[in-house]
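Chemist: Before I ask anything, here is the structure I am working with.
Residue numbers (UniProt numbering): 1 to 170.
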């Protein structure tokens, strides 16, 4: 019996939470609630919530349950952006293998809300983890972000190999 492939998102988002806790300035001036619906082989699997508030003054909240909405000054709104993406495409964006805009233009990322904020969110993913940390995390947990018909995990040795591997699969 085939065991389901674990989600890379379940490793990436907790790692993002740790990075943002250590350095809230990684978020910069990004504000909003980002709802990330993760798919695996086209089927919905999980939702992650990331709340950026107070322009880097407070640690962003990363959770699998919807966070409590912060109290805002009268008349101020906090934008909400929903992203729906395949787990492997999320890894591509987190490692910088493909830009958020490229994945969006390919129809592999669906955004409800402000596309510019979605692009800024993807930049925070890259800045917080980047290629080396993301690959190390995936290798450590033996997660194959690019499942194919083979059962052998794919672990490219460096960023250039990852980029070549990802672009060859498109």
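Glycine included, every Cβ here is placed at the ideal spot set by N, Cα and C.
The model shown is predicted, which means the values in this text are computed figures rather than measured ones.
Give the straight-line distance between the Cα atoms of residue 125 and residue 93, rounded to the nearest whole angstrom.
Modeler: As a first step, residue 125 must be located in the chain shown, where it is residue number 125. As a first step, residue 93 must be located in the chain shown, where it is residue number 93. Rounded to the nearest angstrom, the two C-alpha atoms are 8 Å apart.
Chemist: For the beta strand (DSSP E) containing residue 47, name the first residue and the last one.
Modeler: If you number the chain shown from 1, residue 47 lands on position 47. Its beta strand (DSSP E) spans residues 43-52.
Chemist: Between the alpha carbons of residue 115 and residue 127, how many angstroms are there, rounded?
Modeler: Counting from one through the chain shown, the residue named residue 115 turns up at place 115. Counting from one through the chain shown, the residue named residue 127 turns up at place 127. Residue 115 and residue 127: Cα-Cα distance of roughly 18 Å.
Chemist: Just to check my reading of the structure: residue 83 and residue 45 have Cβ atoms closer than 8 Å, yes? What is that Cβ distance to the nearest angstrom?
Modeler: Here residue 83 refers to the residue found at position 83 when the chain shown is read from its first residue. Here residue 45 refers to the residue found at position 45 when the chain shown is read from its first residue. Contact flag wrong, Cβ pair sits at about 14 Å.
Chemist: Which one of 74, 91, 133 has the shortest CA to CA distance from residue 122?
Modeler: On the chain shown, position 122 is the one that residue 122 refers to. Of the listed residues, the one whose Cα sits closest to residue 122 is 91.
Chemist: Is residue 187 helix, strand or coil when you go by DSSP?
Modeler: An answer regarding residue 187 cannot be provided, because it is not within the stretch 1 to 170 covered by the chain.
Chemist: For residue 119, which of helix, strand or coil comes out of DSSP?
Modeler: Locating residue 119 in the chain shown gives position 119, where the first residue counts as 1. DSSP places residue 119 in helix when its eight states are reduced to three.
Chemist: Note down, in chain order, each residue of its chain lying with its Cβ closer than 7 Å to the Cβ of residue 51, except the 5 sequence neighbours on either side.
Modeler: On the chain shown, residue 51 is found 51 positions in, with the first residue counted as 1. For residue 51, where only same-chain residues beyond five positions count, the Cβ hits under 7 Å are 33, 60, 61, 67.
Chemist: Where do the N-terminal and C-terminal ends of the beta strand (DSSP E) with residue 80 fall, by residue?
Modeler: Counted from its first residue, the chain shown places residue 80 at position 80. 80-86 is the extent of the beta strand (DSSP E) around residue 80.
Chemist: Cα-Cα, which of 139, 49, 134 is closest to residue 80?
Modeler: Residue 80 sits at position 80 when you count from the first residue of the chain shown. Selected option, being the one with the closest Cα: 49.
Chemist: Taking all protein chains shown into account, do 16 or more other C-beta atoms lie within 10 angstroms of the C-beta of residue 77, making it buried, or fewer, making it exposed?
Modeler: Taking the chain shown and counting its residues from 1, one reaches residue 77 at position 77. Classification for residue 77: exposed.
Chemist: Taking 6 Å as the limit between beta carbons, can you name the residues of its chain near residue 43, skipping five residues before and five after?
Modeler: As a first step, residue 43 must be located in the chain shown, where it is residue number 43. If we look at residue 43 and ignore the five residues flanking it on each side, it has no Cβ neighbours.
Chemist: Less than 8 Å between the C-beta atoms of residue 31 and residue 47, yes or no?
Modeler: Within the chain shown, residue 31 is the residue found at index 31, counting from 1. Within the chain shown, residue 47 is the residue found at index 47, counting from 1. Not in contact: residue 31 and residue 47 (Cβ atoms no closer than 8 Å).
Chemist: So, helix, strand or coil for residue 109, using DSSP?
Modeler: In the chain shown, the residue the question calls residue 109 occupies position 109. Three-state result, residue 109: strand.
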